[in-house]
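The block underneath contains the structure these notes are about, expressed in structure tokens.
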Amino acid sequence: MSEQKSCTLCGKSLDEEKSSLFAVAGEWLSEDVWKDSGELCNQCLENRGRLAMMYLHDRNR
Numbered sequence: 018m019s020e021q022k023s024c025t026l027c028g029k030s031l032d033e034e035k036s037s038l039f040a041v042a043g044e045w046l047s048e049d050v051w052k053d054s055g056e057l058c059n060q061c062l063e064n065r066g067r068l069a070m071m072y073l074h075d076r077n078r
């Protein structure tokens, strides 16, 4: 019996597939910058990716 993992930011289920470019960008940031890969849901990854593209200029090169 496996326990369902949930997002560390919002608590949603992590079983969602990464479906957008923002989510892919958020996953890259979670692996390379914040070191929390596998801990965030698709929506939080999308939000992170979108906000980073707008405000994290040192990573947008």
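Start counting the sequence shown at 18; every next residue gets the next number (this note's numbering).
C-beta: ideal position from N, C-alpha, C; glycine also.
Just so we're clear, the structure is a prediction, and the values are computed from it rather than from any experiment.
Compute the Euclidean distance between the alpha carbons of residue i and residue j, then round it to the nearest angstrom.
{"i": "Gln-21", "j": "Tyr-72", "result": "33 Å"}
{"i": "Gln-60", "j": "Trp-51", "result": "16 Å"}
{"i": "Arg-67", "j": "Phe-39", "result": "6 Å"}
{"i": "Asp-75", "j": "Ala-69", "result": "10 Å"}
Can you name the start and end residues of the alpha helix (DSSP H) that residue i belongs to?
{"i": "Leu-31", "result": "Counting along the chain, Leu-31 falls outside any alpha helix (DSSP H), and DSSP gives it neither H nor E."}
Tell me which residues share the same chain as residue i and place their Cβ nearer than 7 Å to its Cβ, disregarding the 5 neighbours each side in the sequence.
{"i": "Ser-23", "result": "Lys-29, Ser-30, Leu-31"}
Can you find the residues in the same chain that come closer than 6 Å, C-beta to C-beta, to residue i, ignoring five residues on each side of it along the sequence?
{"i": "Glu-48", "result": "Ser-54"}
Which runs of the beta strand (DSSP E) spanning at least 3 residues fall entirely within the segment 27-74, listed in chain order? none
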